[in-house]
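> In this text, residue positions in the sequence shown follow UniProt numbering: the first is 1, and each later residue adds one.
Structure incoming, see below.
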Amino acid sequence: ETSLRVTGVDFLKSRNSQQHHTDGYNIKNLVVRRGQPFQVQVSLSRELRAADKLSLRFGIGENPMKNRGSLLSLKPEREDVNGWKISLVERNGKECLLSVTSSPSAPVGKYNLHVKTGTNTYKPENGVIYLLFNPWCEDDVVYMANEAEKEEYVLNDTGYIYVGSAYSIYDRPWNFGQFEEFVLDACMYLLDKSQLSLTERRDPAHVSRAMSALVNANDDSGVLLGNWSGNYVSGTSPMDWIGSVTILQKYYKTKKPVRYGQCWVFAGVLNTVMRCLGVPCRCVSTFDAAHDTEENLRVDVYLNEKGEKLNSLSFDSVWNFHVWNDAWMKRTDIPNGFSGWQAIDSTPQEQSQGRFQCGPCPVKAVREGDVYLPYDAKFVYAEVNADRVYWVVKKVNGKDKYFKVGTETQSIGKNISTKAVGQNRREDITREYKYPEGSKEERMSMERAYSFIRPSGLMPRSGYASTIQTLGANTQPLVLNEPVTKTGLHLEITNTEPLHPGNPLEMAITVKISTPGNWTVNLTGSCQLQYYTGKVQANLGTIKETINLEGSSEMQIPLKIAPDAYMKTLSSVEDEVLILVTAIAEVKETNDKLTKETSMRFEYPPITVQMPETARLYNDFNCAFIFKNKLNVALENCKLLVEGLGIFKMTTFELGDIMPGRIIKSEIICTPTRLGDKKIVAKLISNQIKGISTEKGIFIT
């Protein structure tokens, strides 16, 4: 009797990967999603007989063992093992077609396949199978019913991250590139590095929490080192990345943290990792996000008598924007009703259970005020719901005294944004995180949240807190509406001319009063340059005026800053800066006080991309990038970064200095290697300008 031996295994990669929506992955191995059948063709030394023993063995991890559940031995037509089953589809001479269905709650990761016949074991070439989460499978906790949403949140490898300020939001194109070479391997390396148990690997809540910790380098030499210092000499400036691919490839190659990231880079990379593992995920930007409020739901802003914001006193801050991610899953570890989007954040801000990690926090728990739910719901709630209190610091008898000049209850957590499904536009998802301001639901949600958070009384939390007098023991923090002033005082800040670097910055503060009478208003206004984290970089100028308003009227006061006042700072910083205008108005007759601040961004000339609208697979085409410097200043040390996933690898053009009025044209020859809609992303950086981005789509047939 000749013993049965296996002579070959065909993983039927193209058929399986199309059915499993994994045909995009640039990898030799078979990539499949859990809970869904895939087929393998086994070639044998002779025909299969009834008495023959044939089994497929799937092992995961270093030392797979049956009793640990890390080794599964599957025999055709037998009862399932740990939710896996295998069946014989057809026999054709010496060929056997087998269908394998993994459990919809199987641990994700790399499985080694061996085929056993009697005492013989066959180890196929490329016999490592990658098993991912499956949003197409109804029994998987990451199941997503809507096809267009899966197309966007799992399969789209490009997108936008929204940045800027609430006053001027703009999109930064970002290449997620979850299908590029080595990206899946980098994610598998992170899974192994996370030391999650096999049971934890079944659950996207554990996996997403672990990934939020591993994308930053803070306690586990993860992917990215955060740096907000303004000095990036020993690495890549956070502004210079245009996608996650270079970062993850470099990390996988060196196994050392890549320098440097800031919040949108962390969010871009975490988005890539989650989509790559099969968990639907989106980047979420919040404008005017509160940081480090010590869970007292208040951010204190300190101004000097000129109305300029002071860095030194604030422990907490309001970031112009902050970017995190939402991952989609059914939560099995908490009460019903909190499934769906879960916030996860890989920017290292504060430790949770001893590590820099954040989430998954149910977005519904933030909206309902159920901030006791895991994980980190209090922290996320504070980011989008804190109050902002303004204090003016004045010297009285040589000592600093604090005077409260305003409270804003509706200014934190605005314009929460993500890319719309299937469209290149911003979708506002604030309503998923918060009830409408001033609604009955908002009040109930807030009271609920406050019952778990218990903020302290209203006291400035500066370094000098011990030396000040209490400003009234107001411990009722439920200030739900804007304080109504006796005179109906209202402030607006606008720019009256486009804010082009090299030109004067022309802005205006409008003071309105709605109550009849004669009013004297003292107006203080200041203009500063600040980082997106709210840190002030330079004071540019102030105004102080006393104006008289009669009855219900308004007046516009100009605020103009000459180019000399800011161009030197603009050229010397490594980060993109925003223009911050702060106004304080005091009505003499009633002692009404009001503070308002607005951040604006500089406006830049565009980059244009010239290329055909369609191209054929593997047929070269030409792509040109054209930029005209329409500014009044030379742009020094210009670099153009370009990348087209499935078309060409990341390329950098060194362009030197571009004088005013000069036109630059850079060309690249492109060879498309993948079908469908593809995008080319370009970004220009110089000393004066930290990022003009553009993108253009092309359809590959």
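All residues carry an ideal CB built from backbone N, CA and C; glycine is no exception.
If you're wondering where the values come from, they're calculated on a predicted model, not measured in any experiment.
Just verifying my parser: in three-state terms, what is the DSSP assignment at E427?
As a first step, residue 427 must be located in the sequence shown, where it is residue number 427. Note: E427 maps to strand in three-state DSSP.
> By a C-beta neighbour count over all protein chains shown, 10 Å radius and 16 as the cutoff for buried, is P672 buried or exposed?
One-based indexing of the sequence shown puts residue 672 at position 672. Classification of P672: buried, given that the 10 Å Cβ count is 16 or more.
> Evaluate R46 with the Cβ neighbour count: other Cβ atoms within 10 Å of its Cβ, from every protein chain shown; 16 or more gives buried, anything less gives exposed.
Looking up residue 46 in the sequence shown gives position 46. Exposed, because fewer than 16 other Cβ atoms sit within 10 Å of the Cβ of R46.
> On the DSSP letters alone, give me the boundaries of the alpha helix (DSSP H) that G268 sits inside.
For the purposes of this step, residue 268 is taken as residue 268 along the sequence shown, with counting starting at 1. Element bounds for G268: C263 to L277.
> Would you mind working out which of Y260, V81, Y130 and G69 sits nearest K28, comparing C-alpha positions?
Indexing the sequence shown from 1 puts residue 28 at position 28. Answer by Cα proximity: Y130.
> Quick check on the DSSP output: the alpha helix (DSSP H) that includes F452 runs from which residue to which?
Against the sequence shown, residue 452 aligns to sequence position 452. It spans K440 to I453 - the alpha helix (DSSP H) in which F452 sits, taken as one unbroken run.
> What's the gap between the Cα of D140 and the Cα of D564?
Position 140 of the sequence shown, counting from 1, holds the residue named residue 140. Position 564 of the sequence shown, counting from 1, holds the residue named residue 564. Those two C-alpha atoms are separated by around 60 angstroms.
> Could you check where the beta strand (DSSP E) with L98 kicks off and where it finishes?
Residue numbering aside, residue 98 sits at position 98 when the sequence shown is read from its first letter. Where L98 is concerned, the enclosing beta strand (DSSP E) stretches over E95 to T101.
> Is G691 near the ligand ZN, with its Cβ less than 7 angstroms from a heavy atom?
The model on display carries no ligand, and the ligand ZN is accordingly not part of it.
> Taking the C-alpha atoms as reference points, what is the distance between K364 and T515?
On the sequence shown, residue 364 is found 364 positions in, with the first residue counted as 1. On the sequence shown, residue 515 is found 515 positions in, with the first residue counted as 1. Their Cα atoms are separated by approximately 41 angstroms.
> Could you check what DSSP says for M659 in three-state terms: helix, strand or coil?
Position 659 of the sequence shown, counting from 1, holds the residue named residue 659. Coil at M659, not helix or strand.
> Can you confirm whether the stretch 174 to 188 touches the stretch 154 to 162 when touching is taken to mean that 3 or more C-beta pairs between the two stretches lie within less than 8 angstroms?
Enough Cβ pairs lie closer than 8 angstroms, so yes.
> DSSP has S285 in a bridge; who is on the other side?
If you number the sequence shown from 1, residue 285 lands on position 285. S285 is bridged to V323 and S417.
> Counting along the chain, where does the beta strand (DSSP E) carrying Q610 start and finish?
To locate residue 610, count along the sequence shown from 1; it is residue 610. Q610 -> beta strand (DSSP E) spans I607 to Q610.
> Suppose contacts are defined by Cβ-Cβ distances below 8 angstroms. Is N216 in contact with G226 by that definition?
For this step, residue 216 is matched to residue 216 along the sequence shown. For this step, residue 226 is matched to residue 226 along the sequence shown. Their beta carbons are under 8 angstroms apart, which means N216 touches G226 by this criterion.
> Give me, in chain order, the residues of the same chain whose beta-carbon lies closer than 7 angstroms to that of N632; leave out the 5 immediate sequence neighbours on both sides.
Taking the sequence shown and counting its residues from 1, one reaches residue 632 at position 632. Closer than 7 angstroms at the Cβ level, and outside the excluded window around N632, lie G502, N503 and P660.
> Where does N120 land, buried or exposed, given buried means 16+ other C-beta within 10 angstroms?
Here residue 120 is taken as the residue at index 120 of the sequence shown, counted from 1. So N120 counts as exposed.
> Going by beta-carbon coordinates alone, are G525 and V609 separated by less than 8 angstroms?
Looking up residue 525 in the sequence shown gives position 525. Looking up residue 609 in the sequence shown gives position 609. No; because the gap between Cβ atoms is not below 8 angstroms, this pair is not in contact.
> Can you grab the Cα-Cα spacing for the pair E149 / V207, in whole Å?
Here residue 149 is taken as the residue at index 149 of the sequence shown, counted from 1. Here residue 207 is taken as the residue at index 207 of the sequence shown, counted from 1. Those two C-alpha atoms are separated by around 21 angstroms.
> Do you know offhand how far I680's Cα is from F653's?
To locate residue 680, count along the sequence shown from 1; it is residue 680. To locate residue 653, count along the sequence shown from 1; it is residue 653. Whole-angstrom Cα-Cα distance: 15 angstroms.
> Leaving aside the five residues before and after V273 along the sequence, list all residues of the same chain whose C-beta is less than 6 angstroms from its C-beta, in chain order.
Taking the first residue of the sequence shown as 1, we reach residue 273 at position 273. Result list for V273: C187 and M211, in chain order.
> Do you know how far the Cα of S599 is from the Cα of I561?
Here residue 561 corresponds to residue number 561 of the sequence shown, with the count starting at 1. Here residue 599 corresponds to residue number 599 of the sequence shown, with the count starting at 1. Their backbone Cα atoms lie some 15 angstroms apart in a straight line.
> Rounded to whole angstroms, what's the CA-CA distance from V642 to G697? Just pull it up for me.
In the sequence shown, counting from the first residue as 1, residue 642 sits at position 642. In the sequence shown, counting from the first residue as 1, residue 697 sits at position 697. Cα to Cα, the separation comes out at about 13 angstroms.
> If I follow the unbroken beta strand (DSSP E) through T158, where does it start and stop?
Here residue 158 is taken as the residue at index 158 of the sequence shown, counted from 1. Its beta strand (DSSP E) spans residues T158 to S165.
> Would you mind giving the Cβ-Cβ distance between S70 and G59, rounded to the nearest angstrom? I have them listed as a contact below 8 angstroms.
The sequence position of residue 70 within the sequence shown is 70, counting from 1. The sequence position of residue 59 within the sequence shown is 59, counting from 1. Their Cβ separation, rounded to whole angstroms, is 6 angstroms, which keeps S70 and G59 in contact under 8 angstroms.
> When DSSP labels each residue in this structure, what does V154 get in the three-state scheme?
Looking up residue 154 in the sequence shown gives position 154. In this structure, V154 counts as helix in the three-state DSSP scheme.
> Just how far apart, CA to CA, sit L373 and Y433?
Here residue 373 corresponds to residue number 373 of the sequence shown, with the count starting at 1. Here residue 433 corresponds to residue number 433 of the sequence shown, with the count starting at 1. Going by the C-alpha atoms only, they are around 15 angstroms apart.
> Would you mind stating whether residue 762 and A267 have Cβ atoms separated by less than 8 angstroms?
Past the edges of the chain, shown from 1 to 701, lies residue 762, and the structure says nothing about it.
> Going by CA-CA distance only, name the one from N629, Q262 and D592 that's closest to F403.
Within the sequence shown, numbered from 1, the residue matching residue 403 stands at position 403. Closest by alpha carbon: D592.
> Name the DSSP beta bridge partners of E597, please?
Locating residue 597 in the sequence shown gives position 597, counting from the first residue. Beta-bridge pairing links E597 to T582.
> If you pair each beta-carbon of the stretch 349 to 364 with each one of the stretch 408 to 426, do three or more pairs fall below 8 angstroms?
Flag = no, the stretch 349 to 364 and the stretch 408 to 426 do not touch.
> In terms of DSSP beta bridges, what is L491 paired with?
As a first step, residue 491 is located in the sequence shown; it is residue number 491 there, counting from the start. DSSP output for L491 lists V511 as bridge partner(s).
> Mind reading off the beta-carbon distance from H114 to R57? Whole number of angstroms is fine, and I expect it under 8 angstroms.
Mapped onto the sequence shown, residue 114 falls at position 114. Mapped onto the sequence shown, residue 57 falls at position 57. Between R57 and H114 the Cβ distance is about 5 angstroms, and since that is below 8 angstroms, they are a contact.
> Beta-carbon separation of R209 and G359 under 8 angstroms?
Here residue 209 is taken as the residue at index 209 of the sequence shown, counted from 1. Here residue 359 is taken as the residue at index 359 of the sequence shown, counted from 1. Going by C-beta atoms, R209 is nearer than 8 angstroms to G359.
> Return yes when the Cβ of Y390 is within less than 8 angstroms of the Cβ of V269, no when it is not.
Locating residue 269 in the sequence shown gives position 269, counting from the first residue. Locating residue 390 in the sequence shown gives position 390, counting from the first residue. No, they are not a contact pair.
> Taking the alpha-carbon of C283 as reference, which of L617, K394, A327 and T254 has the nearest alpha-carbon?
As a working note, residue 283 is residue 283 in the sequence shown. Checked all of L617, K394, A327 and T254; the closest Cα to C283 is A327.
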